[in-house]
Amino acid sequence: MEQSGDDEDGTAERKMRFLFQLRSRGVTDPRVLDSMERIDRGLFVRGQFADRAYEDTPLPIPCGQTISQPSVVGLMTQALNPGPRDTVLEIGTGSGYQAAVLAGLCRRVYTVDRHRRLVREAEAIFHDLGLSNITAQVADGSRGLPDQAPFDRILVTAAAEDPPGPLLAQLKIGGIMVVPVGQSDAVQTLIRVTRSETGFDYDELRQVRFVPLVEGLGQT
Ligand code: SAH
1 MEQSGDDEDG
11 TAERKMRFLF
21 QLRSRGVTDP
31 RVLDSMERID
41 RGLFVRGQFA
51 DRAYEDTPLP
61 IPCGQTISQP
71 SVVGLMTQAL
81 NPGPRDTVLE
91 IGTGSGYQAA
101 VLAGLCRRVY
111 TVDRHRRLVR
121 EAEAIFHDLG
131 LSNITAQVAD
141 GSRGLPDQAP
151 FDRILVTAAA
161 EDPPGPLLAQ
171 LKIGGIMVVP
181 VGQSDAVQTL
191 IRVTRSETGF
201 DYDELRQVRF
211 VPLVEGLGQT
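If you're matching positions, the sequence shown starts at 1 in this note's numbering and goes up one per residue.
#1: Can you tell me whether residue 97 is helix, strand or coil according to DSSP?
#2: Measuring straight from C-alpha to C-alpha, what distance separates residue 144 and residue 190?
#3: Any heavy atom of the ligand SAH within a distance shorter than 7 angstroms of the CB on residue 106?
#4: Which of helix, strand or coil does DSSP assign to residue 25?
#5: Excluding the 5 residues preceding and the 5 following residue 148 in the sequence, name in chain order all residues of the same chain whose CB lies nearer than 6 angstroms to its CB.
#6: Specify the secondary structure class of residue 218 as computed by DSSP and reduced to three states.
#7: Using only the alpha-carbon positions, how far apart do residue 171 and residue 49 sit?
#8: Let me know the secondary structure DSSP gives residue 67 once reduced to three states.
#9: What is the residue span of the beta strand (DSSP E) that residue 174 lies within?
#10: Is the number of C-beta pairs between the segment 124-141 and the segment 63-79 that are closer than 8 angstroms three or more?
#11: So if DSSP puts residue 225 in a beta bridge, which residue, or which two residues, is it bridged to?
#12: At which residue ranges does the segment 28-53 contain complete beta strand (DSSP E) runs of 3 or more residues, listed in the order of the chain?
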């Protein structure tokens, strides 16, 4: 039986299984796999669910939110395709896991959440991991982050009914946004929006299920 505080072999085997699961669900970009191999998801899941951190499943985090399923994190990151010089905005810091995965792939990550507690806890983990290219902030992400705009890439990790107008406006020409759209209590569609000189192109990627994008700041 596996225990936390694994010996070296247990850790290596668990890591291999984690990466195998990602590949078998379509995460094939070597840069994304490499970044996900480096970031230990176990650091972002606390309490009773910690021992399930390496399963390909979403798990509860504080404030009634969820850390996304690892394969969905991988597929979204792959679809976003951030380059090493890119500035990325993430809406929905949550546990901080997705932002940490992005941090290894681009120049700077801005991540915002409407819950102060989640931002504080994620910041502490970024600090411990030495991820100095992430800026986490309490903000209503449905308005984007006008002070830092425009962005090369925008990743929304909560479901909106439509891609929010302020986020479209804060995307650079040639930029990409990945966002789940649809009603919050139903299956949603993950879409990729690419901004061209003349407008926006939309691709439907897959069905997903995310917590809703809620306007305004949270109580905690
Ligand atoms: N990316 C996260 C998972 C996000 S869960 C991770 O890697 O763990 C979705 C998050 O979006 C929740 O934390 C929720 O508080 C946040 N959220 C919802 N609406 C928001 C809004 N308008 N502005 C900022 N964050 C929002």
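For every residue, glycine included, the Cβ atom is placed at its ideal position computed from N, Cα and C.
Reading it off the structure:
#1: Counting from 1 along the sequence shown, the entry for residue 97 is found at position 97. Looking at residue 97 - three-state DSSP - the assignment turns out to be helix.
#2: Residue 144 sits at position 144 when you count from the first residue of the sequence shown. Residue 190 sits at position 190 when you count from the first residue of the sequence shown. If I take the Cα positions, the gap works out to 19 angstroms.
#3: Sequence index remark: in the sequence shown, residue 106 carries index 106 (1-based). No, since every heavy atom of the ligand SAH falls outside the 7 angstroms radius drawn around the Cβ of residue 106.
#4: Residue mapping note: residue 25 aligns to position 25 of the sequence shown, counting from 1. Residue 25: coil per DSSP, three-state reduction.
#5: What you label residue 148 is simply residue 148 of the sequence shown in a count that begins at 1. 110.
#6: Locating residue 218 in the sequence shown gives position 218, counting from the first residue. Coil.
#7: Position 171 of the sequence shown, counted from the start, is the residue given in the question as residue 171. Position 49 of the sequence shown, counted from the start, is the residue given in the question as residue 49. One C-alpha to the other measures close to 36 angstroms.
#8: Taking the first residue of the sequence shown as 1, we reach residue 67 at position 67. Residue 67 falls in the strand class under three-state DSSP.
#9: For the purposes of this step, residue 174 is identified with residue 174 of the sequence shown, where counting begins at 1. Its beta strand (DSSP E) spans residues 171-181.
#10: no
#11: Coverage of the chain is limited to positions 1 through 220, which leaves residue 225 absent and any answer about it impossible.
#12: none
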